[in-house]
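Structure first, commentary second.
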Amino acid sequence: MADKYEKTEGLTRRDALRVLGVSAGIALVAPLSGCGSVWQRQPVIPVDAWHKVVCRFCGTGCGMMIGVTDKKVVDVKGDEYAHNRGRLCIKGLMNREILYGEGRALYPMIRKNGKLERATWDEAMDLVATRFREAIEEHGPDSVAFYGSGQLYTQESYTANKLFKAGIGTNNLDGNPRLCMASAVTGYTSSFGKDEPAGCYEDMDYSDCFFITGSNTLECHPILWERMLDRKRSHPDTTLIVVDPRRTFTGMHADLYLPIYPGTDVALYNSMMNEFIHNNFIDGDMVEHYLSFQEGEQKRTFEDLKKHVAQYPAERAAKICGITPRDIQEAAFMFASSKATLSIWTMGLNQQVQGTASNRGVIAMHLLTGHFGRPGATPFSLTGQPNACGGVRDTGSLSHALPGGRMIVNAKHREEMEDLWKVPRG
């Protein structure tokens, strides 16, 4: 069997060839994906059966097929999912290796007398259940907690959420989207009244301008980057604006690259909105029907925003951001004049002191210019894990939330879920 899975410095010969092929693509600043002319699949090891799985290495969640022979995973390939279209990046290609990596946990271990000892699954689950029951009986339901992630299936997150909130009776349930996506969640909720991006991956097939800010898409979400390149190949007039203090591979492909100082995103967006207003790039119908609202006794209107962004003319914002006034003016023109603009961002925008304000700024630019609610036109945040949105945020598996965009602070929302889960009021 050893000869059948011949290794080359920790990789099979097949994988070594794949990595070399993709590395050559990197040297040419080509897309970091195992697809196209960079890599061609050549069957080396016979596969008895193929099984559908999902890659968990980034937020894209690519469909993948794993090939199994003699109960061992021997090959992987992309599945024809709607979003990755049979492609896998180098991270996806290495999924087979991680199954057999040294140090991988294969069974439960229980600490006894200061040392971890191997245990059966039944022993481990009995111990967890016993400790939970003892803690609840002695200290109440708030003495226990659950911490999940966007790696769980939607059904798993929902079940845990229902168990803790409806069964045990505690809101001590949260997940890692609290750390990575809190700014995006607050930005969407405060702008639209509900969390989640309004777009989808298919919008990339219809966009004429990509505005990438706070995301190194080429290296962190390679399959989505490849999809954007597909659009540029088929529609050469499609433009790419990249905002990033670091000059990444993504920035090297930009039609307009804005290397702003860290933490100056809000100044840039305010200045771009000021340019929209001065150059009449505003969608009047959107402003009139959707962008005025009542906040307590005070009415918020377009005029309030106009006065605020007027404090950021291109000359002043350029000094704040460390770029030129011309850069800001060009970015505003490209963004607004496009038939359909798609903004993409991730942790570079979310995980900073101005994260929520930055999210609101990008969303506001789309609403002002009418780049919203049409194919290819939307503010679209990316996640770091494949089921952070549908699995955690949509199921309400956070301490403040309930399923379907409901909030615990909302009495009506609580009553709806109490009726659905058949639990007493309160």
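Per the working numbering, the sequence shown starts with residue 43, numbered consecutively.
Yeah, the Cβ is synthetic: ideal placement off N, Cα and C, and Gly gets one too.
In this text the structure is predicted, and so the values were computed from the model without any measurement.
- Look at the beta carbons and you see the stretch 301-318 not touching the stretch 160-173: under three pairs across the two are nearer than 8 angstroms.
- Here the alpha carbon of Cys262 sits roughly 16 angstroms from the alpha carbon of Gly192.
- When DSSP assignments are scanned along the stretch 201-274, the uninterrupted stretches of beta strand (DSSP E) that are 3 or more residues long and fall wholly within it turn out to be 215-217, 251-255.
- Distance between Gln396 and Val308, taken at the CA atoms: about 7 angstroms.
- Taking a C-beta distance under 8 angstroms as the contact criterion, Ala374 and Ala419 do not qualify as a contact pair.
- Within the model, the alpha-carbon separation for Pro88 versus Arg138 is close to 15 angstroms.
- DSSP lists no beta-bridge partner residue for Gln393.
- Within the same chain, and ignoring the five residues on either side of Leu158 in sequence, the residues whose Cβ sits closer than 6 angstroms to its Cβ are Met151.
- In this structure, DSSP gives Ser385 an extended state, which the three-state scheme calls strand.
- Rounded to the nearest angstrom, the Cβ distance from Ala430 to Met223 is 6 angstroms, consistent with a contact under 8 angstroms.
- In the same chain as Ser249, and ignoring 5 residues on each side of it, the C-beta atoms closer than 6 angstroms to its own belong to Ala382, Leu384, Gly418, in chain order.
- Three or more beta-carbon pairs separated by less than 8 angstroms link the stretch 306-325 to the stretch 403-418, which places the two stretches in contact.
- Leu205 sits away from Ser439, with the two beta carbons spaced by 8 angstroms or more.
- Only residues of its own chain outside the window of five on either side were considered, and among them Val89, Asp90, Ala91, Trp92, His93, Val116 have a CB closer than 8 angstroms to the CB of Val110, listed in chain order.
- Listed in chain order, the non-local C-beta contacts of Ala161 below 7 angstroms within the same chain comprise Pro150, Met151, Ile152, local neighbours out to five positions each way being set aside.
- Measuring C-alpha to C-alpha distances from Gly105 to each of Glu460, Lys133, Arg289 identifies Lys133 as the nearest.
- Within the same chain, and ignoring the five residues on either side of Ser199 in sequence, the residues whose Cβ sits closer than 6 angstroms to its Cβ are Gly190, Gly433, Val434, Thr437, Ser439.
- Unbroken alpha helix (DSSP H) stretches of 4 residues or longer found wholly inside the stretch 105-162: 132-135, 137-140, given in chain order.
- When only Cα atoms are considered, Met459 and Leu444 end up about 8 angstroms apart.
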